[in-house]
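Novice: Sharing a structure below in structure tokens format, with a few things to ask.
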Amino acid sequence: MAILLFDGDCGFCAVSAARLASWSTGDLEVAPWQGADLEALGTSSDECRSAVQFFDQGGRVSGAAAIAGALRCCRRPWGVVGTVIRWPGIAWLAERVYRVVAAHRHRLPGSTAACRLD
């Protein structure tokens, strides 16, 4: 089973993660990193604070690649979207969009003061 770790202290992240989990085919666990065994997964709190993390049999990816991996575990059309996000050129753009959204998540609907990255 694949795992997506998100920031459970961020309201925007929690709402987004719940939506993604509702699209899952059942092969994806979506959980806040704050309650996960990070050492067993081979990651750290610093890495989880910096970007969403995705783990599957292929290893670990973060940021837009993590979102793409999680989407590939979801029903159509989301699984297709996850595949397209990883295409050359689109992956580059997706990572930039991810970074902009992450930097401004405290301004997005559902956000809380804990969403600030500074």
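Residue numbers are given in the working numbering: position 8 of the sequence shown equals residue 194, and the series is strictly consecutive. Here a beta-carbon is modelled for each residue, glycine too, at the ideal position from N, C-alpha and C. This structure is a prediction, so every number in the text was calculated from the model and none was measured.
1. Consult DSSP for L206 and reduce its assignment to one of helix, strand or coil.
2. Does the count of Cβ pairs from the region 266–283 and the region 247–258 closer than 8 Å reach three?
3. If we ignore side chains and look at the alpha-carbon of each, how far apart do G212 and G228 end up?
4. Does the distance from the CB of A188 to the CB of F240 come in under 8 Å?
5. Would the beta-carbon of A319 fall within 8 Å of that of L206?
6. Please name the residue or residues paired with A217 in a DSSP beta bridge.
7. Go ahead and pull the three-state DSSP assignment for R258.
8. Can you name, in chain order, every residue of its own chain whose Cβ lies under 8 Å from the Cβ of S297, other than the five neighbours on each side?
9. In terms of DSSP beta bridges, what is S248 paired with?
10. Please report the distance separating the alpha-carbon of S208 from that of L191.
11. Would you kindly work out how many angstroms separate the C-alpha atoms of D232 and G194, rounded to a whole number?
12. Rounded to whole angstroms, what's the CA-CA distance from E215 to V287? Just pull it up for me.
Specialist: Let's see:
1. helix
2. yes
3. 23 Å
4. yes
5. Any property of residue 319 remains undetermined from this structure, which presents the chain solely from 187 to 304.
6. L191
7. coil
8. C196, G197, F198 and R291
9. Q239
10. 15 Å
11. 14 Å
12. 23 Å
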